[in-house]
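Protein chains in written order, with our numbering: chain E, 1 to 121; chain D, 122 to 242. Every residue gets a Cβ at the ideal spot worked out from N, C-alpha and C, and that includes glycine. What follows is a single structure, written as structure tokens, with notes after it.
2 protein chains.
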Amino acid sequence: MGSKMKFKRSSCPITNVLDTLGDKWTLLVIRDLVLGKRRYQEFTSSPERIASNILADRLKKLEATGLVTRRAYQRNPARYEYLLTEKGEGLKPVLEAIIVWGKTHYPGTKRFPRVAHVKER
Amino acid sequence: MGSKMKFKRSSCPITNVLDTLGDKWTLLVIRDLVLGKRRYQEFTSSPERIASNILADRLKKLEATGLVTRRAYQRNPARYEYLLTEKGEGLKPVLEAIIVWGKTHYPGTKRFPRVAHVKER
DNA sequence: TCAGTCACTTGCATTTCGAAAGTTATAGTA
DNA sequence: TACTATAACTTTCGAAATGCAAGTGACTGA
Numbered sequence: 001m002g003s004k005m006k007f008k009r010s011s012c013p014i015t016n017v018l019d020t021l022g023d024k025w026t027l028l029v030i031r032d033l034v035l036g037k038r039r040y041q042e043f044t045s046s047p048e049r050i051a052s053n054i055l056a057d058r059l060k061k062l063e064a065t066g067l068v069t070r071r072a073y074q075r076n077p078a079r080y081e082y083l084l085t086e087k088g089e090g091l092k093p094v095l096e097a098i099i100v101w102g103k104t105h106y107p108g109t110k111r112f113p114r115v116a117h118v119k120e121r
Numbered sequence: 122m123g124s125k126m127k128f129k130r131s132s133c134p135i136t137n138v139l140d141t142l143g144d145k146w147t148l149l150v151i152r153d154l155v156l157g158k159r160r161y162q163e164f165t166s167s168p169e170r171i172a173s174n175i176l177a178d179r180l181k182k183l184e185a186t187g188l189v190t191r192r193a194y195q196r197n198p199a200r201y202e203y204l205l206t207e208k209g210e211g212l213k214p215v216l217e218a219i220i221v222w223g224k225t226h227y228p229g230t231k232r233f234p235r236v237a238h239v240k241e242r
């Protein structure tokens, strides 16, 4: 019933990607996840200095759209970390293409290195 | 004198790309240009229905960042059209990667066809 | 003279963003 | 028993961005 899909703006794949990733912060959170970051403080300590309310909002939305999963890594008090899903990992080629273009046209920019994430306790 | 480059947020290429392309409309204007659109009305008639003030703003910014050039295609009255620069054309692989990921994860989306642009007079 | 076209600009209400401060629940230390 | 620190958020509120509707200027063609 009601077989016609409803897209927010159009049936263009680019448009639909922009509806979830089209802002100045979301893709940076994904970048951090790709680099190996998992925890709240790791994200807030990136040089772009994302505000904590923006980070919380973006993580919530990324979880809602299935790009990220949240899981507790300890109890008492409960502490959570975030991991990319396969769908989220699938964005790597997009990030790669952006890095290639970005490095070409913004002289002095440089790909960030992977981070060794904090150890479990 | 002051040899250190100043980046708005960080020296990450992704960050710097997001500073110019990180919103819900800019990349759609670029998509339209890649598809062959050149004129104001062609952009406003895309299915996402960009508002004319947003379009004017984005075209201005794209020109300022060297992704697009504006040129008159007639006088009396002066009428302008917009074309991608080489820098702008360089974004095609980014759009491609987005389309590939988007088509996979948003079922029902489909790449838009090139348009035959209006003829000169 | 008058409607139509094109590339915009202007006004204004609504929405989203973002910096700073606050909250909750613990562990560790004196 | 207090006190300090840590981690993961939430709240507040002014500022900026968005988006709808209407307006503008310079023409062309009927």
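Proximity below 7 Å, CB of W222/D to CB of G90/E: yes
Per-residue burial, D153/D [other beta carbons within 10 Å of its own, 16 or more giving buried]: buried
Burial state of G143/D (16 or more Cβ within 10 Å): buried
Buried versus exposed call for S46/E [16 or more other C-beta atoms within 10 Å across all chains shown]: buried
Option in T206/D, T230/D, F164/D, V236/D with minimal Cα separation from N16/E: T230/D
Residues of its chain near K103/E, where Cβ-Cβ distance is below 6 Å and the 5 sequence neighbours each way are ignored: T109
Under 7 Å from the C-beta of L216/D: neighbouring residues of chain E: I14
Chain D within 7 Å of K61/E, Cβ atoms only: no
Reduced DSSP category for V115/E - H, G, I as helix; E, B as strand; rest coil: coil
Exposure of P77/E, with buried meaning 16 or more beta-carbon neighbours within 10 Å: exposed
Beta-carbon spacing of L188/D, K158/D below 7 Å: no
With 16 other Cβ atoms within 10 Å as the buried cut-off, status of L216/D: buried
Backbone secondary structure at Y106/E - three-state DSSP: coil
Alpha carbon of L149/D to alpha carbon of P113/E, nearest angstrom: 31 Å
Beta-carbon neighbours of F233/D, restricted to chain E and to distances below 8 Å: C12
Within chain D, the residues that N85/E reaches when beta carbons sit closer than 7 Å: Strictly speaking, residue 85/E in this sequence is Thr, with Asn absent from that position. The contacting residues do not exist; T85/E stays about 11 Å from chain D at best.
Proximal residues of chain E, C-beta to C-beta of L148/D below 8 Å: I14, L18, G22
Interface positions of the segment 152 to 165 of chain D facing chain E (Cβ-Cβ less than 7 Å), listed along the chain: R152
Through-space distance from K6/E to P134/D, alpha-carbon basis: 34 Å
CB contact below 7 Å: E169/D versus chain E: yes
Cutoff 6 Å; reference R123/E; Cβ partners in own chain excluding five residues on either side: In the structure displayed, chain E extends from 1 to 121; residue 123/E sits before or after that span and is not available.
Start-end ranges of the alpha helix (DSSP H) lying completely within the segment 166 to 230 of chain D, minimum 4 residues: 173 to 185, 207 to 210, 213 to 226
Three-state secondary structure assigned by DSSP to P134/D: helix
Cα-Cα separation between L18/E and S132/D, rounded to whole angstroms: 23 Å
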